[in-house]
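Everything on this sheet refers to the single structure shown next.
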Amino acid sequence: MNDVLAGRALTKRFGQTVALAGVDMAVRPGEAVAIMGPSGSGKSTLLHCLAGIMRPDAGEVRLEGTRIDDMGERRRSALRRTRFGFVFQFGQLLPELPADENVALPLMLGGVTRAEAVRRAREWFAPLGLGGMEARRPGELSGGQAQRAAIARALVTKPAVVFADEPTGALDQTTGHDTMRLLVEATKHNGASLIVVTHDPGVAGWCDRTVEVRDGVLLAAGARA
Amino acid sequence: MNVGLTWRLLRGGGRRGMLGTWLTLGAVAVSTALLLFAVAVDFAFAARADRGAWRNPVAAGSRPAVAVEASRHDYVRGREITVVDLAALPGRSPEPPPGLSRFPAPGEVWLSPALADLADRLPAAELAARYPKRAGVLGDEALVHPDELIVLAGRAPDAPELTATRSSDWIVGSQPVKVATLAGEPTEDAEGYQVLALIASVLMVVPLLVFGGAAARLTVARRDQRLAALRLVGATPGQVVAMTVAEAVIVAFAGALAGAVAYALAVPLLSRVRIDGGPWFVADLWPHPLVMAGAVVAVPLLTGLSAVAGLRRVVVSPLGVAKRETPPGMRWVRLLALVAVLAAVPVVSRGDSAGLIAVVIGLAFLSINLVGPWVVGLIGRITAASARRPARLLAGRRLVDDPRSAWRTVSGVALTGFVAGFLGLLSPGTLVGTQDTGHLRVSAPAGRAATVAQEARDRLRHAGVAAAVTTRKDVVVIALKDATRITGDGARREAPDGPLLRAEPAALDRARTALTGLVPGRTPTTQADDEYFGGEILGDIAVGTVVVLSVSFLVAIASAGITAASSVLDRRQTYALLRLAGTPLEVLDRARRAETLIPLAVMGGGAILVGAFCGIPFMITDPNLSGLVTLVVCVAAGFAGVVGAGALSRPLLRSVTADPAPRPD
Ligand SMILES: Nc1ncnc2c1ncn2[C@@H]1O[C@H](COP(=O)(O)OP(=O)(O)O)[C@@H](O)[C@H]1O
Ligand SMILES: [Mg+2]
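Residue numbers (UniProt numbering), protein chains in the order written: chain H, 1 to 225; chain L, 1 to 665.
Next comes the structure, spelled out in structure tokens:
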């Protein structure tokens, strides 16, 4: 068993809606998996269950062999902070903080001193093409730049798995592709696994594997050639 | 106008959108109720002044005199009675004073309802015997307040009460004056109260305006994202403004109505607050219907204006809100405005026009409000630069980002700090008088002291009151037997007529009653009687201070709660995403607390100092312990209130971040 993260027989309902109807999904270290599927099919719910944001109604989630789905909110929250990284569609950066402090925030929450956290955060800027943007605030960055800052923030704590829910959904196609490539490359470069929800088949192409969700079940677990 | 679309927008925010709407409505209701109170206070004191005017005669001058009037004070059971002597001049038939059906005939007395009641309850020898020929009861139009004790005595124009000279001290009474009408004019006393009431109004209204403005922007802040989006899809600026303003005005109108109802319900309670010797006629605290209607119309209009101001950014640049750019820096011109006003305080205060004083205080207040955001921004910069932990850093950056919003949270308490600093120095301690009730003194006409003393002895013996009557120059001194010596504080001071005594209240009132009319136009009084008005004024200042501070606190705490809640609603998406990524809610909460407490400590403290500075020219006595205690209690209550009000939004933070998939709406 060399999966870093594995969900087994995951089900989740919201009232009458069955969002997940028994899903098995596992990710190996350093692997990038794209989740595709129509709107409302259960992609976000699957991501949230795997990331310990939401507790499934049934089934289990293991991180490096340890069950995380039955942990209390406080422990899951600590886990998300230390072992996972997140990139959302938009709005995740605090508007009042300059970009470098936004990236440094997870480190500071983990107890790293402010000076050290900011220093480490800034190391990410040039490689992600954000050189010179350290002091800008999110409102002064373009959409693509803001998402790259979000990528830096997700990776700065050296997480085991990065979760991205339509990270380029708010960007135009060219910028979206650039950003997605940066996300996949940077994640791999850091040895982290990536689970990314996307609508763009082209984007999915950069990942190792694509899975398709439809009405709460996994259709094809097609490995990429 | 797009009323239909507006309505949908109003409801479109769903449960949380409606929550913002309810908060606005509540805030407007609180402001309207308090605004009505602040305004009603002035009308109430004016009404009292008008009703009391008939007892303050104005000399006829060149007009034909029709009557002669004089007044003085008598006492019963430690309470003050106003005694008015009134006679029609020969051949004249003047209009009766307000509240009387006819002009009192010589020998008749008319009592106020409270005095008539008291006279019926006490033994006749203690009070009723002072008024042998009761002819009627004075109507409310003749009374300053419902509990007032007044006796109006009809006299012949040549009666000794209306011909003998009296003391010219206004505290003791007024000389007989020939008048052309009984309209009179408000007493200096009443005018003094009106000045104090005006100052209190200014102190209450300015924080209210700030708060009301904040409440109006709350609606807009909740919507500016959505409206910017509307603007991006091509709504014209006019449409955007019309819709938002319509929404703000509708909500504010409902809030203003609710506030008017709340004030109406509070009036019976408020009317019990005793000032100047008694409670209020409920009608006095009812603002004129025009004022009431004006408030219910003006508050929504001001809210609409405030909404327009808040929207200017959205309309000017649709991207302005969506992109959240760095706001332009606060101009240091504002600091200059404060300094200029402060410099003017000592100069202007030398004149003693009441209106001017109110204007200066209002200006000082407004300029604190101008520099507030600027200083908050500065505090934020310092906090952020020195922060080591995330909560502090977030708080500091937040203050720099939006100092106005942070200022709105603390402005109420800071402005209250100004009030507290002002009043803390101003309110003198309780007057420590002699409290002596064992000696009655009355001055006799020149050379007649011995005769008057002999008559006093006869009357007291006849009434069965044991007393020693002596004379000191023209003053007749009646020392009651059966009085106990006063020990303690006042006892160290010696009265001119021997040790301080406390008489049995009933015995004292029997003596007063027996001695009624001993010297026409003069009342035998104890030292405690002579200290009565000083004590009353100090007590009233203390009551007024508590009222103003309570109002300021209500505003401060309400605005702290509202701003805290709206700041959670405004950034709910970011907060939710931070929580998803594992940020502990405690960090966010600590940041929110620091974001309020840091500016509160600095601004509150600063405002107290500015308030104290403005209060110095008005100081009557040295600052006293009770004033300082009021100040400390004020600061403590302000902090506790704001922290408490902020804590109330914690469940809101929890609930808006609980949704695992926040969708931008
Ligand atoms: N918090 C929620 N409450 C109720 N229903 C939800 C909630 N979250 C998701 N759903 C429902 O579950 C289904 C799957 O949603 P989601 O996982 O968000 O889909 P996707 O991300 O693929 O668009 C949808 O029908 C959606 O309406
Ligand atoms: Mg989704």
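Just so it is clear, CB atoms sit at the ideal spot from N, CA and C, and this is done for glycine as well.
C-alpha distance - Ser-41/H paired with Ile-557/L, whole-angstrom precision: 47 Å
Mind checking whether Ala-26/H and Leu-5/H have CB atoms under 8 Å apart? yes
Within chain H, the residues that Pro-390/L reaches when beta carbons sit closer than 7 Å: Leu-105, Met-108, Leu-109
In whole angstroms, what is the alpha-carbon distance linking Leu-652/L and His-145/L? Looking at the two C-alpha atoms, the distance is approximately 47 Å.
Using 8 Å as the threshold, is the C-beta distance between Ala-507/L and Leu-460/L below it? no
So, using beta-carbon positions, are Leu-335/L and Trp-374/L closer together than 8 Å? yes
Pull up the CB-CB distance for Ala-463/L and Lys-481/L, whole angstroms please, since I reckon it's below 8 Å. Ala-463/L to Lys-481/L, Cβ: 13 Å. No contact.
Would you decide whether Ala-223/H is buried or exposed? Buried here means 16 or more other CB atoms lie within 10 Å of its CB. Residue placement at Ala-223/H cannot be trusted, given a pLDDT of 46 that sits under 50; what the coordinates show is reported in the next sentence. Result: exposed.
Just the chain L side, please: which residues come within less than 8 Å of Gln-92/H by C-beta, in chain order? Thr-574, Leu-577, Leu-578, Ala-581
What residues are listed by DSSP as bridge partners for Asp-74/L? Ile-81/L
Hey, is the region 156-166 of chain L in contact with the region 122-132 of chain L, meaning 3+ C-beta pairs nearer than 8 Å? No, because fewer than three Cβ pairs between the region 156-166 of chain L and the region 122-132 of chain L fall closer than 8 Å, the two stretches do not touch.
Would you report the Cα separation of Ala-67/L and Ala-59/L, rounded to the nearest angstrom? Cα-Cα distance, rounded: 10 Å.
Alpha-carbon spacing of Pro-520/L relative to Ala-88/L, whole angstroms: 18 Å
What does the alpha-carbon distance come out to for the pair Gly-26/L and Gly-255/L? 6 Å
Proximal residues to Gly-380/L (C-beta, below 6 Å), its chain only, five neighbours per side dropped: Same-chain partners within the cutoff: Gly-396, Leu-399, Val-400.
List, in chain order, every chain H residue whose beta-carbon is nearer than 8 Å to that of Val-587/L. Leu-109
Exposed or buried, what is Asn-56/L when buried is set at 16 or more other beta-carbons lying within 10 Å of its beta-carbon? Looking at its Cβ environment, which holds 16 or more other Cβ atoms inside 10 Å, Asn-56/L is buried.
Is the region 176-184 of chain L touching the region 538-552 of chain L, taking contact as three or more C-beta pairs under 8 Å? The region 176-184 of chain L vs the region 538-552 of chain L: no contact.
Exposed or buried, what is Pro-97/L when buried is set at 16 or more other beta-carbons lying within 10 Å of its beta-carbon? buried
Give the DSSP-derived three-state secondary structure of Thr-175/H in the structure shown. helix
Can you name, in chain order, every residue of its own chain whose Cβ lies under 6 Å from the Cβ of Arg-492/L, other than the five neighbours on each side? No answer about Arg-492/L holds up, because its pLDDT of 48 lies below 50 and its placement is not dependable.
Can you tell me whether Val-633/L is buried or exposed? The criterion is at least 16 other CB atoms within 10 Å of its CB, across all chains shown. exposed
Among Asp-200/H, Ile-195/H, Ala-121/H, Asp-3/H, whose alpha-carbon lies nearest the alpha-carbon of Asp-178/H? Selected option, being the one with the closest Cα: Asp-200/H.
Taking the DSSP output, what are the residues bridged to Val-161/H? Phe-84/H, Ser-193/H
Can you give me the C-alpha to C-alpha distance between Ala-119/L and Ala-128/L, rounded to a whole angstrom? If I take the Cα positions, the gap works out to 5 Å.
Compute the minimum distance between the beta carbon of Thr-596/L and the heavy atoms of ligand 1, and state whether it is under 7 Å. no
Compute the distance between the beta-carbons of Pro-524/L and Val-442/L, then report whether it is under 8 Å. yes
Should Ala-19/H be listed as close to ligand 1, given that the test is whether its C-beta is under 7 Å from any heavy atom? yes
heavy atom of ligand 2 below 7 Å from Asp-215/H C-beta: no
Taking the alpha carbon of Asp-529/L as the reference point, which residue from Leu-518/L, Gly-304/L, Val-210/L, Arg-502/L has its own alpha carbon closest? Comparing C-alpha distances from Asp-529/L to each of Leu-518/L, Gly-304/L, Val-210/L, Arg-502/L shows the shortest one belongs to Arg-502/L.
Along chain L, in chain order, which residues have C-beta atoms closer than 8 Å to that of Glu-101/H? Leu-393, Arg-397
Closest Cα partner of Leu-302/L within the set Asp-276/L, Ile-250/L, Leu-269/L, Gly-278/L: Ile-250/L
Answer yes or no: the CB of Asp-42/L versus the heavy atoms of ligand 2, is any distance below 7 Å? no
Neighbouring residues, chain L, relative to Leu-97/H (Cβ below 8 Å): Leu-393, Leu-394, Arg-397
Mind checking Asp-24/H: buried by the 16 CB within 10 Å criterion, or exposed? exposed
Using a Cβ-based criterion (distance less than 7 Å to any ligand heavy atom), does Asp-570/L qualify as near ligand 2? no
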